[in-house]
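Residue numbers are given in UniProt numbering: position 36 of the sequence shown equals residue 36, and the series is strictly consecutive. The next block holds one structure in the form of structure tokens; read it before the comments.
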Amino acid sequence: MVDESCQTLVDRVWNIKASSWVYVLSKLLSEEAAFQYANEYGIDLISVIPTTVAGPFLTPKVPASVRVLLSAVTGDHELYSILHAVHTRLGPISLVHIEDIYNTHIFLMEQAAAKGRYICSTNSCVMAQLVDRLTQKYPHLVIIVRFSEKDEGCSVPSKISSKKLTDLGFEYKYGLTEIIQESVSCCVHNGYLNQPGKP
1 MVDESCQTLV DRVWNIKASS WVYVLSKLLS EEAAFQYANE YGIDLISVIP TTVAGPFLTP
61 KVPASVRVLL SAVTGDHELY SILHAVHTRL GPISLVHIED IYNTHIFLME QAAAKGRYIC
121 STNSCVMAQL VDRLTQKYPH LVIIVRFSEK DEGCSVPSKI SSKKLTDLGF EYKYGLTEII
181 QESVSCCVHN GYLNQPGKP
């Protein structure tokens, strides 16, 4: 079980330098510095830790998290390697809808009891479930990246828990199916993915 008490050590990130290590390191160091500053000056600070964020977007380019999520159908091997690395290290791929992220921020700002770190994660799915959901709902999408049976396993299967957040009373609005549907629909609308029936 992965919860708010779990955190990668800075030394480990420096030594291993896994995929996207610079991003991970910057997040770790900035959060550490922010909490140190908040403690020093008596500031209440809350850190929201989202998992893979997906759903509709207003940006001119497709957000990296959505491109990573859909990399099995777009054929982007560099982004797929990130998805595969997450799957290998943690097991299920945890998702959260963008609307649930901003609702979490608002919710926590209104809670006097809120403090510290909060994981924001709606659902998890293994790689096979993700690909299966994509092909069932969107049969026109061609799965470009295939994974082997051994890819389905991982060294440390885990569940990412947002129990601390839900125990405060937060309720997620979107589930796995809605997150995938809205991500694909927005990508089709923006020309990142082909429309149904079009090659």
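Cβ atoms here follow ideal geometry from the backbone N, Cα and C, with glycine treated the same way. Just so it is clear, the structure is predicted and the values come from calculations on it, not from any experiment.
Nearest C-alpha to HIS140 among ASN194, PRO56 and SER81: ASN194. Across the structure, LEU9 and ILE160 are spaced so that their CA atoms are roughly 18 Å apart.
By the neighbour-count definition (other C-beta atoms within 10 Å, threshold 16), ASP100 is a buried residue. Secondary structure of TYR192 (DSSP, three-state): coil. In the pairwise beta carbon analysis, the region 122-133 is classified as touching the region 164-176: at least three pairs are separated by under 8 Å.
Counting C-beta pairs closer than 8 Å gives three or more between the region 48-56 and the region 83-100, which meets the contact rule. With contacts defined by Cβ atoms closer than 8 Å, SER121 and SER162 form a contacting pair.
Of the candidates ASP3, LEU25, MET1 and ILE49, LEU25 places its Cα closest to the Cα of ARG12. Here PHE170 really is in contact with PHE107; their C-beta atoms are around 5 Å apart, less than 8 Å. A Cβ-Cβ distance of about 11 Å is found for the pair THR59 and ARG67, leaving them out of contact under the 8 Å criterion.
In this structure, THR51 and LEU95 form a Cβ contact; the two beta carbons are roughly 6 Å apart against a cut-off of 8 Å.
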